[in-house]
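S.K.: Okay, handing you the structure first.
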Amino acid sequence: MDKRLIIIGIQEENLVFITEQIKHIIGEFIKIKSITIKDLHYGTIGPHDVVLLSGDVLRELVQPFLSPSCTCMIAKREVNVVNLEEMVKLPAGQHILVVNDHSTDTIETVFSLEQILGEHTYYPYVPNQPLPEIIDYVVTPGEKHLVPKAFRTIIDIGPRVISYETLEDILHHFDLDVSHSLLMNKYIKALVLVSKISAKSAPVPFEDQNQDRTFAHFVTNSPIMKETVDIAQKIASTLLPIHIEGETGVGKKLMAEAIHNESPYQNGLFFTYNCAGKVEELLAVELFGKDEKDKSLQGIVEAANGGTLFLKNLEYLSYDLQGRLLQVLEAKEIQRVNGEATIPVHLRLITSTSLRLSELLEAGKIRTELYSYISPYMIRMPTLQERTADLEALIEMFTTQFQKKELTFSPEVMEVFYKYSWPGNVRELFNVVSYCACTQASLIELKSLPLYFRGHDALEQQHDRDLDEKTIIETIEGHGFLNESIGILEIFKAGKEQHVAYGRTKLIKLLSAKGIHLTDQQLRLRLDILKQLNLLNVRQGRAGTTISVKGEQFLHKVLSAAEKS
0 MDKRLIIIGI
10 QEENLVFITE
20 QIKHIIGEFI
30 KIKSITIKDL
40 HYGTIGPHDV
50 VLLSGDVLRE
60 LVQPFLSPSC
70 TCMIAKREVN
80 VVNLEEMVKL
90 PAGQHILVVN
100 DHSTDTIETV
110 FSLEQILGEH
120 TYYPYVPNQP
130 LPEIIDYVVT
140 PGEKHLVPKA
150 FRTIIDIGPR
160 VISYETLEDI
170 LHHFDLDVSH
180 SLLMNKYIKA
190 LVLVSKISAK
200 SAPVPFEDQN
210 QDRTFAHFVT
220 NSPIMKETVD
230 IAQKIASTLL
240 PIHIEGETGV
250 GKKLMAEAIH
260 NESPYQNGLF
270 FTYNCAGKVE
280 ELLAVELFGK
290 DEKDKSLQGI
300 VEAANGGTLF
310 LKNLEYLSYD
320 LQGRLLQVLE
330 AKEIQRVNGE
340 ATIPVHLRLI
350 TSTSLRLSEL
360 LEAGKIRTEL
370 YSYISPYMIR
380 MPTLQERTAD
390 LEALIEMFTT
400 QFQKKELTFS
410 PEVMEVFYKY
420 SWPGNVRELF
430 NVVSYCACTQ
440 ASLIELKSLP
450 LYFRGHDALE
460 QQHDRDLDEK
470 TIIETIEGHG
480 FLNESIGILE
490 IFKAGKEQHV
500 AYGRTKLIKL
510 LSAKGIHLTD
520 QQLRLRLDIL
530 KQLNLLNVRQ
540 GRAGTTISVK
550 GEQFLHKVLS
560 AAEKS
């Protein structure tokens with residue numbers, strides 16, 4: 000295998016900007032491949048490849064996948080000066096809060112801004128810490144969704160870019176002699192180009208994307224997910240097209256790849272193409288190719304010949320392009336733009352949409368003929384909220400992948416995870432776990448969760464709405480043991496603070512020390528009532544029974560009221 004530059008990042012959106020910048024500058028000199036940490040597996044990185052990590056926090060996670068002869072570099076990032084026009088116009092002496100998705104990245108962004116526009120005072124945003132008294136503007140490198148809602152004067156300077164110094168280091172590792180003037184010209188041009196691109200508009204790579212993942216890669220204890228995998232396994236051996244429905248982040252690509260690897264086309268290539276966010280002209284060229292003068296440019300339909308083409312977000316194809324795709328698939332041949340040649344096409348088509356195909360048909364976004372062609376075999380991927388029974392198994396799989404088996408999540412974090420809606424599904428869970436794996440902590444508590452995870456905020460708001468103190472007391476007193484219940488909650492709260500779990504035998508002894516004497520049956524009754532009121536959580540395995548956030552709030556209010564009376 001030729002020596003390549005492998006670029007690795009956590010989030011696909013940010014990785015696109017880094018990759019496109021480097022391709023614009025040195026793509027003509029070296030082979031470049033980008034991959035998220037989620038899709039990294041053994042064999043992805045060759046023994047002679049040069050690996051570029053988007054941040055130092057990835058070093059430990061990537062280490063198990065590197066051979067001793069592999070070179071690993073950390074990308075140095077800078078703000079894109081092309082995007083600083085609005086900041087340049089600010090009068091000197093502004094107080095600016097800088098918001099990024101990770102504390103290390105925030106500090107690096109502050110340092111860059113101080114070097115370029117040192118006439119202002121910059122403050123790194125730290126969640127749960129007091130804000131400076133004076134804030135004139137908030138600046139963020141493409142992370143507006145993380146800015147506290149109270150601020151209205153926000154300047155988005157776009158994602159950070161690779162530094163010139165990093166590019167020189169890459170060229171050095173590839174023994175390439177590129178003049179300083181040429182490299183600088185390309186660097187400046189790339190800054191302008193990447194300031195205008197989005198993650199979705201990035202060119203599609205015509206390379207095999209098969210990572211040899213099969214149905215065994217679905218970790219599940221959930222009945223609905225087991226049924227979904229079972230259906231997919233049964234229809235994988237057919238030659239007909241398959242359609243996959245499901246929200247963002249549920250694992251549609253993994254399902255498509257698993258189907259490919261257990262299908263008659265498994266010896267062919269596996270291509271993924273995202274139809275979303277691209278203009279029709281670009282979609283037409285990338286899917287079907289084009290002829291320029293005497294040179295024929297291959298499209299992905301032709302490139303996937305003999306293998307599987309996975310079309311994501313099918314609804315973004317125009318009616319005309321849907322018709323052209325159907326024509327190619329039914330005729331089993333693709334005609335060159337100039338009409339002088341046709342090429343046989345034999346491939347397995349797998350499509351996906353985030354909405355139900357029937358709804359898209361009714362809305363007029365899918366052609367009736369194409370619907371008839373792809374609808375005989377359909378798979379619906381369940382959301383993570385529908386398969387919460389898989390939460391702990393998925394977390395264990397991710398921590399094992401990162402070789403971070405010692406990483407544990409506190410009971411209150413698991414409570415948040417179980418009650419959170421997970422709009423980003425398994426992908427969002429992976430992002431949260433990978434962030435936690437990059438920290439130095441072995442026990443993840445609520446304060447350790449990343450800034451972009453909003454589950455604990457939503458849960459606290461829900462608890463505020465649900466905490467009807469009067470109703471809870473009336474329910475407990477209806478069984479005649481309010482004092483005993485308060486004693487139980489106090490013990491569980493103390494145990495939670497000390498990271499200790501208690502069985503019923505130990506709990507009876509601790510209650511007895513408080514002057515509360517209960518039989519095992521009496522204790523069971525009281526525990527059941529507290530669980531029904533959601534004051535206690537019951538988890539399988541190491542977490543055991545623990546006081547919930549709602550339970551802590553109730554206990555605090557009851558004890559505070561008792562002190563005042």
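In numbering that gives the first Met the number 0, the protein residues as written are 0 to 564. Every residue, glycine too, gets a C-beta built ideally from N, C-alpha and C.
CA-CA distance, Gln265 and Leu442?
M.R.: The count along the sequence shown starts at 1 and reaches residue 265 at position 266. The count along the sequence shown starts at 1 and reaches residue 442 at position 443. Gln265 and Leu442: Cα-Cα distance of roughly 42 angstroms.
S.K.: Shortest alpha-carbon distance to Pro129 belongs to which of Gly494, Leu96, Leu359?
M.R.: On the sequence shown, residue 129 is found 130 positions in, with the first residue counted as 1. Per the Cα distances, Leu96.
S.K.: Less than 8 angstroms between the CB atoms is what I'm expecting for Ile36 and Leu57, so what's the real figure, rounded?
M.R.: Mapped onto the sequence shown, residue 36 falls at position 37. Mapped onto the sequence shown, residue 57 falls at position 58. About 6 angstroms; that satisfies the 8 angstroms criterion.
S.K.: By the DSSP assignment, the beta strand (DSSP E) with Pro343 in it spans what residues?
M.R.: Locating residue 343 in the sequence shown gives position 344, where the first residue counts as 1. Segment 341 to 343, the beta strand (DSSP E) holding Pro343.
S.K.: Whose CA, out of Ser420, Thr139, Ile528, Tyr315, lies closest to the CA of Asn82?
M.R.: Start at 1 with the first residue of the sequence shown, and residue 82 comes out as number 83. For the residues Ser420, Thr139, Ile528, Tyr315, the minimum Cα distance to Asn82 belongs to Thr139.
S.K.: Considering only their Cβ atoms, is the gap separating Ile243 from Ile349 smaller than 9 angstroms?
M.R.: Taking the first residue of the sequence shown as 1, we reach residue 349 at position 350. Taking the first residue of the sequence shown as 1, we reach residue 243 at position 244. Their beta carbons are under 9 angstroms apart, which means Ile349 touches Ile243 by this criterion.
S.K.: With DSSP collapsed to three states, give me the class of Leu488.
M.R.: Against the sequence shown, residue 488 aligns to sequence position 489. In the structure shown, Leu488 falls within a helical segment according to DSSP collapsed to helix, strand and coil.
S.K.: Closer than 7 angstroms by C-beta to Thr387: which residues in its own chain qualify, once you throw out the five before and the five after it? Chain order, please.
M.R.: The residue labelled residue 387 in the question sits at position 388 within the sequence shown. Taking C-beta separations shorter than 7 angstroms and ignoring five residues to either side along the sequence, the partners of Thr387 in its chain run Tyr417, following chain order.
S.K.: Less than 9 angstroms separating the beta-carbons of Phe397 and Val432?
M.R.: Taking the sequence shown and counting its residues from 1, the one referred to as residue 397 is at position 398. Taking the sequence shown and counting its residues from 1, the one referred to as residue 432 is at position 433. One thing to note: Phe397 has its Cβ within 9 angstroms of the Cβ of Val432.
S.K.: Out of Glu77, Ile133, Ser66, Gly54, point me to the one whose CA is closest to Thr103's CA.
M.R.: What you label residue 103 is simply residue 104 of the sequence shown in a count that begins at 1. Closest by alpha carbon: Gly54.
S.K.: What does a CB cutoff of less than 6 angstroms around Ala91 pick up in its chain, not counting 5 residues either side in sequence?
M.R.: Residue numbering aside, residue 91 sits at position 92 when the sequence shown is read from its first letter. Cβ within range, chain order: Glu118.
S.K.: Quickly, what does DSSP pair Tyr122 with across the bridge? List them, please.
M.R.: On the sequence shown, residue 122 is found 123 positions in, with the first residue counted as 1. Answer is Leu96, bridged to Tyr122.
S.K.: Where do the ends of the alpha helix (DSSP H) carrying Met413 lie?
M.R.: Taking the sequence shown and counting its residues from 1, one reaches residue 413 at position 414. Looking at the DSSP string, the run of the alpha helix (DSSP H) that includes Met413 is 410 to 418.
S.K.: Considering only C-alpha positions, which residue in the set Asn79, Val61, Tyr121 is nearest to Ile73?
M.R.: Start at 1 with the first residue of the sequence shown, and residue 73 comes out as number 74. When only C-alpha atoms are compared, the closest one is Val61.
S.K.: Per the contact definition of three or more C-beta pairs closer than 8 angstroms, is the stretch 409 to 425 in contact with the stretch 270 to 287?
M.R.: Not touching, per the Cβ criterion.
S.K.: Kindly list the residues whose CB is nearer than 7 angstroms to the CB of Lys492, restricted to its own chain and excluding five residues on each side of it in sequence; keep chain order.
M.R.: Position 493 of the sequence shown, counted from the first residue, corresponds to residue 492. These residues qualify, in order along the chain: Ile546, Glu551, Leu554.
S.K.: With H, G and I counted as helix, E and B as strand and the rest as coil, what does DSSP make of Tyr370?
M.R.: Counting from one through the sequence shown, the residue named residue 370 turns up at place 371. Helix.
S.K.: Measuring alpha carbon to alpha carbon, tell me which residue in Gly157, Ser221, Phe173, Leu506 is nearest Glu50.
M.R.: Here residue 50 is taken as the residue at index 51 of the sequence shown, counted from 1. Checking the sequence shown, residue 50 turns out to be Val, not Glu. Of the listed residues, the one whose Cα sits closest to Val50 is Phe173.
S.K.: Does the pairing of the stretch 366 to 385 with the stretch 18 to 27 give three or more beta-carbon distances under 8 angstroms?
M.R.: no
S.K.: Looking at C-alpha atoms only, which residue of Val300, Asn312, Ser111 is the closest neighbour of Leu325?
M.R.: By one-based count along the sequence shown, residue 325 stands at place 326. Of the candidates Val300, Asn312, Ser111, the one whose C-alpha sits nearest the C-alpha of Leu325 is Val300.
S.K.: Among the candidates Asp207, Gly322, Gln93, whose CA atom is the shortest distance from the CA of Tyr272?
M.R.: On the sequence shown, residue 272 is found 273 positions in, with the first residue counted as 1. The candidate whose alpha carbon is nearest that of Tyr272 is Asp207.
S.K.: Does Met224 come out as helix, strand or coil in the three-state DSSP assignment?
M.R.: As a working note, residue 224 is residue 225 in the sequence shown. In this structure, Met224 counts as helix in the three-state DSSP scheme.
S.K.: May I have the straight-line CA-CA distance separating Ser484 from Thr407, to the nearest angstrom?
M.R.: As a first step, residue 484 must be located in the sequence shown, where it is residue number 485. As a first step, residue 407 must be located in the sequence shown, where it is residue number 408. Those two C-alpha atoms are separated by around 29 angstroms.
S.K.: Does DSSP put Ser351 in a helix, in a strand, or in coil?
M.R.: If you number the sequence shown from 1, residue 351 lands on position 352. Here Ser351 sits in strand by DSSP.
S.K.: Tell me which residue opens and which closes the alpha helix (DSSP H) that Ile507 is part of.
M.R.: Within the sequence shown, residue 507 is the residue found at index 508, counting from 1. Element bounds for Ile507: 503 to 512.
S.K.: Identify whether Ala542 lies in helix, strand or coil by the three-state DSSP scheme.
M.R.: For the purposes of this step, residue 542 is identified with residue 543 of the sequence shown, where counting begins at 1. Only weak support exists for where Ala542 lies, its pLDDT of 47 falling under 50; the value from the coordinates is given anyway. Assignment of Ala542 by DSSP, reduced to helix, strand and coil, places it in the coil class.
S.K.: Taking the alpha helix (DSSP H) that Ser111 falls in, what are its first and last residues?
M.R.: Sequence index remark: in the sequence shown, residue 111 carries index 112 (1-based). Its alpha helix (DSSP H) spans residues 102 to 115.
S.K.: Output needed for Ala255: all residues of its chain with C-beta closer than 6 angstroms, excluding positions within five of it in sequence on either side, in chain order.
M.R.: Residue mapping note: residue 255 aligns to position 256 of the sequence shown, counting from 1. These residues qualify, in order along the chain: Phe309, Ile349.
S.K.: Label Ile7 either buried or exposed according to how many other C-beta atoms from any shown protein chain fall within 10 Å of its C-beta, with 16 as the threshold for buried.
M.R.: For the purposes of this step, residue 7 is taken as the residue at position 8 of the sequence shown. Buried.
S.K.: Based on Cα-Cα distance, which residue from Ser371, Lys508, Gly494, Glu473 lies nearest to Leu532?
M.R.: Residue 532 sits at position 533 when you count from the first residue of the sequence shown. Checked all of Ser371, Lys508, Gly494, Glu473; the closest Cα to Leu532 is Glu473.
S.K.: Applying the 10 Å Cβ sphere with the 16-neighbour rule, what's the burial state of Ala512?
M.R.: Here the question's residue 512 lines up with position 513 in the sequence shown. Ala512 should be labelled exposed.
S.K.: Reducing DSSP to helix, strand and coil, say where Ala201 ends up.
M.R.: As a first step, residue 201 is located in the sequence shown; it is residue number 202 there, counting from the start. With a pLDDT of 47 at Ala201, under the threshold of 50, the modelled position of this residue cannot be trusted, and the question is left open.
S.K.: Can you tell me whether Lys30 is helix, strand or coil according to DSSP?
M.R.: As a first step, residue 30 must be located in the sequence shown, where it is residue number 31. DSSP, read as helix, strand or coil, puts Lys30 in strand.
S.K.: Have a look at Tyr569 and Leu510 and give me their C-alpha separation to the nearest angstrom.
M.R.: Only positions 0 to 564 of the chain appear in this structure, which leaves residue 569 out of reach.
S.K.: Look up His516 in the DSSP assignment and say whether it is helix, strand or coil.
M.R.: The sequence position of residue 516 within the sequence shown is 517, counting from 1. Coil at His516, not helix or strand.
S.K.: To which residues does DSSP link Met72 through a beta bridge?
M.R.: On the sequence shown, position 73 is the one that residue 72 refers to. Note: Met72 sits in a beta bridge opposite Leu51.
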